[in-house]
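What follows is a short report on a single structure.
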Amino acid sequence: MNLNSEPGPIDIFSVSQSLSSVSNKIVAIVLAICVFLSAMMLTLTNGLEFLALLQKVASKYDLYCPEITIIDGKATIREKQPYLVELPQDLNLTVVIDTRDNPKPNPLSYIKENTTGLALLRNSLIVKNRDETSNIKLENFPDLTVNSQTLTDEFANYRFTILLFIAIASIVYFGISKITQTLISAMAISLVTRQLSIPFSFKRGFKLATFVIVPATIVDMALKFFNVLPGSQFYIYLGCYAGTMFWLVKDLITDLNQQTGHREN
């Protein structure tokens, strides 16, 4: 037995090396969790706020609009016509209702150019968005009565459906955005390592870039949950993301340079 023999070299991976060496399954799970958490937080904050706004609009419908009845594709109201709906000026929205057979003047004349407006006629709903105008036939509508009570009842029936739609849309949005962020970060890591002549594949760069999202996502969730600095949350997210990216890439370069130097010696 040779008591004077020296132990062989031991490869000790840095944090960046360890993260870039995980399995594809773990990368997919981490990315999916980040997407899911961000989507659920958006749904439980902005989504619920949107539902509350719809509830408020439905409950106050009678304060601004007359009761509208649509039967056999024809709309009627009991108020004097044309009826101009009074809305807050900051909405920049004009709504006119004229369900007479031959309305004069033309209801669209109340909607100014380059503005947004709605005109409910006897057989159609005209939607004007600046220079674009859409004509929706009422014959496709079921028989209904529109007032605060019916709107509130319908909203209660479709509340879960609306929230589910918001959740699905949020998952799609964050799925696309976070995968795009990861791809861009992976390309940046690949460019840096290539510029420094450091062997590091794009696949490992993508794995490392996936973990860059984790701290930023957690911080963003905490800020939204406690409603801290609502006007600066996006910039804090970017700062946390950039800081994590810088730290991991620096750790990676330092470790790979040390390994290269050790091999040369």
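The numbering used here applies: residue 27 is where the sequence shown begins, and numbers increase by one. For each residue, glycine too, the CB sits at the ideal point set by N, CA and C. All values reported here derive from a predicted model rather than from experimental measurement.
Report the option in Leu117, Pro114, Leu146 whose CA atom is closest to the CA atom of Asp127.
-> Leu146
Buried/exposed call for Lys82, threshold 16 Cβ in 10 Å = exposed
Less than 8 Å separating the beta-carbons of Ala122 and Leu113?
-> Note that residue 122 is Val in the sequence shown, not Ala. No, these two residues do not count as a Cβ contact at 8 Å.
For Asn183, does the three-state DSSP call read helix, strand or coil?
-> helix
Same chain, Cβ closer than 7 Å to Asn173, neighbours up to 5 away in sequence not counted = Tyr87, Asp88, Glu93
On the three-state DSSP scale, how would you describe Pro35?
-> Confidence is the limiting factor: at Pro35 the pLDDT is only 41, short of 50, which leaves the residue's position unreliable, though a coordinate-based value still follows. Here Pro35 sits in coil by DSSP.
Is there contact between the stretch 196-215 and the stretch 60-78, where contact requires at least three CB pairs shorter than 8 Å?
-> yes
Contained beta strand (DSSP E) runs [length at least 3] in the stretch 37-111, N- to C-terminal order | 94-97, 100-102, 109-111
In its own chain, which residues sit with a C-beta less than 7 Å from the C-beta of Ser42, not counting the 5 before and 5 after it?
-> Leu234, Leu274, Asp277, Leu278, Asp281
Indicate the three-state DSSP secondary structure (helix, strand or coil) for Ile279 in the structure shown.
-> helix
Taking buried to mean at least 16 other C-beta atoms within 10 Å of its own C-beta, is Asp169 buried or exposed?
-> exposed
Mind reading off the beta-carbon distance from Ala242 to Thr270? Whole number of angstroms is fine, and I expect it under 8 Å.
-> 6 Å
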